[in-house]
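A.B. asks: When you read off a place in the sequence shown, starting at 1, and then add 1158, the result is the number in my numbering. We treat Cβ as the ideally placed atom computed from N, Cα and C, and that holds for glycine. Here it is, the structure, as structure tokens.
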Amino acid sequence: MGLTLAEKIINAHIVDGEPLKGSEVGLKIDQTLTQDATGTMAYLQFEAMGIKRVKTELSVAYIDHNTLQTGFENADDHRYIGGVAKKHGIYFSRPGNGICHQVHLERFAKPGKTLIGSDSHTPTCGGCGMLAIGAGGLDVAVAMGGGAYYITYPEIVGIELKGKLRDRVSAKDVILAVLKLLTVKGGVGRVIEYFGEGVKTLSVPERATITNMGAELGATASIFPSDEATGRFLKAQGREGDYAEFSADPGAVYDKTYAIDLSELVPLAACPHSPDNVKEVKELSGVKINQVCIGSCTNSSFTDLMKAARVLKGKTAAENVDLSIAPGSKQVLNMLARNGALSDLITSGARILESACGPCIGMGQSPCSGGVSLRTFNRNFEGRSGTKDALVYLVSPETAAASAVSGVFTDPRTLGETPGFEMPERFMTDDNMLVEPRGEESAGDVEIIRGPNIKPFPVNRPLENDIRADVVLKVGDNVTTDHIMPAGAKILPLRSNIPAISEYCFTAVDPDFPERAKAAKGKGGGVIIGGHNYGQGSSREHAALAPLYLGIKAVVCKSFARIHRQNLINNGIIPLTFANEGDYDKIERGDFLQKHGLKQEIEKGAGEILFNGVYKLRNDLSGREKEIILAGGLLNFTKETKERRDNG
Ligand code: MIC
Ligand code: SF4
């Protein structure tokens, strides 16, 4: 039987377990990346593991999220990360060099390799034929130390692309169509693999837009084959040596297949407040808008910005529209400067932002009250923009630019002829903002400076025998990590200070949550009740570290998003699901959940555990996850395993 490309890469990297669907496998990780909002914690955890040099083929630390330096905190984090990188064998991408996923695609992505990153959009590099997966910071720390990364052997969903996109319909419209089809839960436990004749018509930056937003499907990864177009891209980046062809076997069998005819797609928009709430732009046309933001790791490539520049050239942003543009990397910004397009953008009234995440993570550019904001980004969760009642729509660069000019939602196809833009044959490559790590001999001299905001992270204790925890919060379906641990310019600087950031945990949903959780902590701890797809969105481990700090012992819900479930386990918080979904309605805030002998139940691997004598809760921890929970988290578990190994 022929194998899919994802299966081939997974199988070639298995170091623990068997290639059986649904079973847990440990993968050898070739490359890692971190960004600065999750990086400080990841490196503190890496340091706590006591490993001198990273053991991967390549590890890169990017500075791209916390670049609005309104106090010393972010700059201190940057300095700390730079020091750790230099000392431990990690490349350091300085602030200004660009967004991690865009830069990694340009400079490091390698077909056939594995990459994990402490950011949920790490699958972007799947556009270049790699198996790239978003993970928690601790998982990345372990992988840097040479440890395997564990996933459930995924189902592989094949999406056959046919035909060719029509003028001014773009890769963003492809992934929005997939989101409409599969929803924000549709990718959970799956890898999405694109194949078919239509693939050839898409360049690597276009493919990367599609794999990037596979994160919004909840998918473990998304991947395109590595073919001639990949070779062209790598050559244009001066990296032809990194090219190798990779594709599915002829006759590969997918667990499920869908087909999309690219030539039938039209411009689409994800409407507030979910990336799968997709409508045709045509249906929204005429709706007045207040803001347009072009950029983010989804749509900030040179080709994307050139398409926007072609629309904006010689025009002015409508008076009611605040237009901002954040190029994805120094390479992109520099090329726009060289070819004059930057001048066209400036002339149109665009506010040019630095090459970083910026408005995507609420680092500035929050819309006006009740504002309608069109963004080329990947997430439009309520409040993420920094304005609680803003209405954020996710669109392509073409739709964004067309609407910026007219001041209302505009289908870019109505604009008459605008020249398209093809990927250039040669990108401007200059890695002068990538700092090379020190060689092993002189690494000892590197000083690591910790600013006063960098505080030790909480570590759990081994699991206790009994649990009696108060239900301190009950939430519904699709709760995002932006609900659990909000980001934005005010809170992000606290990413390296868990006691301080915990004061904001869940406050977007319930301002009293931290106080209530702390009160319960004194009496045996708290438990959170959730609906389906609990913890979707970001990979931020803070969404587990803050609850841990606040005394949360377990989360009980209908289903979990993959990375968040892993982050809970890594921090020793027990993830349980309802065996009978109806029980969700029976448990309320203020109740308690109790189980004598919980530890024994977990130890023996009970599939269902009876709480309060009435609620059957499902425990689907794998053998390894069970050991992590018993140890009180991945760090304790890793230390124990190391000690056992060292003692023979
Ligand atoms: C995001 O898009 O939400 C982030 C900020 O990039 C996060 C990481 C973080 O919270 O630091 C992600 O997607 O993982
Ligand atoms: Fe940065 Fe936004 Fe991409 Fe997250 S989704 S990595 S915040 S640009």
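Quick check on DSSP: helix, strand or coil for Glu1477?
C.D. replies: Note: Glu1477 maps to coil in three-state DSSP.
A.B. asks: Tell me which same chain residues have a C-beta within less than 6 Å of the C-beta of Asp1778, skipping the five on either side of it?
C.D. replies: So no residue of the chain qualifies.
A.B. asks: Rounded to the nearest angstrom, how far is the Cβ of Phe1750 from that of Ala1627, given a contact under 8 Å?
C.D. replies: Right, their Cβ atoms sit about 6 Å apart.
A.B. asks: Alpha carbon to alpha carbon, how far is Thr1557 from His1431? Give it in angstroms, no decimals.
C.D. replies: Each residue's Cα considered, the two are about 19 Å apart.
A.B. asks: Under the criterion of a Cβ to heavy atom distance below 6 Å, does Ser1454 qualify as lining the ligand SF4?
C.D. replies: Yes, since a heavy atom of the ligand SF4 falls inside the 6 Å radius drawn around the Cβ of Ser1454.
A.B. asks: So, do the stretch 1695–1715 and the stretch 1636–1648 have three or more beta carbon pairs nearer to each other than 8 Å?
C.D. replies: Taking 8 Å as the limit for Cβ pairs, the verdict is that the stretch 1636–1648 does touch the stretch 1695–1715.
A.B. asks: Sort out for me which residues DSSP pairs Phe1718 with in a bridge.
C.D. replies: Beta-bridge pairing links Phe1718 to Tyr1692.
A.B. asks: Counting only runs of 3+ residues fully inside the stretch 1562–1641, write out the beta strand (DSSP E) ranges in chain order.
C.D. replies: Those beta strand (DSSP E) runs which fall completely within the stretch 1562–1641 and span 3+ residues are 1625–1632.
A.B. asks: Helix, strand or coil for Leu1323 per DSSP?
C.D. replies: If DSSP states are grouped into helix, strand and coil, Leu1323 belongs with coil.
A.B. asks: Counting pairs of beta carbons, one from the stretch 1377–1392 and one from the stretch 1460–1472, are three or more of them closer than 8 Å?
C.D. replies: No, because fewer than three Cβ pairs between the stretch 1377–1392 and the stretch 1460–1472 fall closer than 8 Å, the two stretches do not touch.
A.B. asks: At the level of alpha carbons, what is the spacing between Leu1420 and Glu1318?
C.D. replies: For Leu1420 and Glu1318, the distance between alpha carbons rounds to 10 Å.
A.B. asks: Which value, in whole angstroms, describes the spacing of the CA atoms of Asp1547 and Cys1515?
C.D. replies: So the alpha carbons of these two residues sit roughly 21 Å apart.
A.B. asks: Restricting to Cα atoms, I'd like to know which of Leu1360, Lys1320, Thr1378 and Val1362 is closest to Gly1344.
C.D. replies: Nearest option by C-alpha distance: Thr1378.
A.B. asks: Taking the beta carbon of Lys1632 as the centre, do at least 16 other beta carbons fall within 10 Å, making it buried, or is it exposed?
C.D. replies: Buried, because 16 or more other Cβ atoms sit within 10 Å of the Cβ of Lys1632.
A.B. asks: Please tell me whether, using a cut-off of 6 Å, the distance from the CB of His1262 to the nearest non-hydrogen atom of the ligand SF4 is below it.
C.D. replies: His1262 Cβ: outside cutoff for every heavy atom of the ligand SF4.
A.B. asks: Between which two residues does the alpha helix (DSSP H) harbouring Tyr1238 extend?
C.D. replies: Segment Phe1230 to His1246, the alpha helix (DSSP H) holding Tyr1238.
A.B. asks: Quick one: give me the first and last residue of the beta strand (DSSP E) that Thr1735 is part of.
C.D. replies: From DSSP, the beta strand (DSSP E) with Thr1735 extends over Ile1732 to Phe1736.
A.B. asks: To test your reading of the DSSP string, which unbroken alpha helix (DSSP H) runs of 4 or more residues are found completely within the stretch 1354–1406?
C.D. replies: Entirely contained in the stretch 1354–1406, the alpha helix (DSSP H) runs reaching 4 residues are, in chain order, 1362–1370 and 1386–1394.
A.B. asks: Just curious, the alpha helix (DSSP H) that Tyr1773 is in, first and last residue?
C.D. replies: Note, Tyr1773: premise wrong, no alpha helix (DSSP H); beta strand (DSSP E) at Tyr1773 to Arg1776.
A.B. asks: With DSSP as the reference, please indicate the residues paired to Glu1798 in a beta bridge.
C.D. replies: The partner list for Glu1798 (beta bridge, DSSP) is empty, contrary to what the question assumes.
A.B. asks: For Glu1302 and Ser1217, I'd like the C-alpha separation in whole angstroms.
C.D. replies: The sequence given here places Met at residue 1302; Glu does not occur at that position. Roughly 7 Å between the two C-alpha positions.
A.B. asks: Ends of the alpha helix (DSSP H) at Tyr1201?
C.D. replies: That run of the alpha helix (DSSP H) goes Asp1194 to Ala1206.
A.B. asks: What is the DSSP secondary structure of Val1553, reduced to helix, strand or coil?
C.D. replies: In this structure, Val1553 counts as coil in the three-state DSSP scheme.
A.B. asks: Comparing C-alpha positions only, which one of Pro1733, Gly1791 and Ser1454 sits nearest to His1690?
C.D. replies: The shortest C-alpha separation from His1690 is found at Pro1733.
A.B. asks: In the DSSP assignment, what are the bridge partners of Tyr1307?
C.D. replies: DSSP lists Leu1185 as partners of Tyr1307.
A.B. asks: Between Ile1822 and the ligand MIC, is the CB less than 6 Å from at least one heavy atom?
C.D. replies: Residue 1822 is absent from the structure shown; the chain starts at 1159 and stops at 1806.
A.B. asks: Assess, as a yes-or-no matter, whether the stretch 1198–1218 is touched by the stretch 1237–1244 under the definition of 3 or more beta carbon pairs within less than 8 Å.
C.D. replies: The stretch 1237–1244, when compared against the stretch 1198–1218, does touch it at the 8 Å Cβ threshold.
A.B. asks: Just to confirm before moving on: does the CB-CB distance between Pro1651 and Tyr1662 stay below 7 Å?
C.D. replies: Not closer than 7 Å, so no.
A.B. asks: Helix, strand or coil for Phe1460? Go by DSSP, reduced to three states.
C.D. replies: The answer is helix: DSSP assigns Phe1460 an H, G or I state.
A.B. asks: Return the chain-ordered list of same chain residues with a C-beta closer than 6 Å to the C-beta of Ala1466, the five sequence neighbours on each side being excluded.
C.D. replies: Hits under 6 Å: Ile1452, Pro1555 and Ala1559.
A.B. asks: Helix, strand or coil: how does DSSP classify Tyr1742 here?
C.D. replies: If DSSP states are grouped into helix, strand and coil, Tyr1742 belongs with the helices.
A.B. asks: Cβ of Asp1277 within 6 Å of any heavy atom in the ligand SF4?
C.D. replies: Yes, the ligand SF4 has a heavy atom inside 6 Å of this Cβ.
A.B. asks: Do Ala1394 and Arg1833 come within 7 Å of each other at the CB atom, strictly closer than that value?
C.D. replies: An answer regarding residue 1833 cannot be provided, because it is not within the stretch 1159 to 1806 covered by the chain.
A.B. asks: How should Phe1769 be labelled, buried or exposed, when 16 other C-beta atoms within 10 angstroms of its C-beta is the threshold for buried?
C.D. replies: It counts as buried.
A.B. asks: With respect to the alpha helix (DSSP H) encompassing Phe1147, which residues constitute its N-terminal and C-terminal limits?
C.D. replies: As displayed, the chain neither begins before 1159 nor continues past 1806, which places residue 1147 out of reach and without an answer.
A.B. asks: If we ignore side chains and look at the alpha-carbon of each, how far apart do Tyr1249 and Asp1588 end up?
C.D. replies: Going by the C-alpha atoms only, they are around 15 Å apart.
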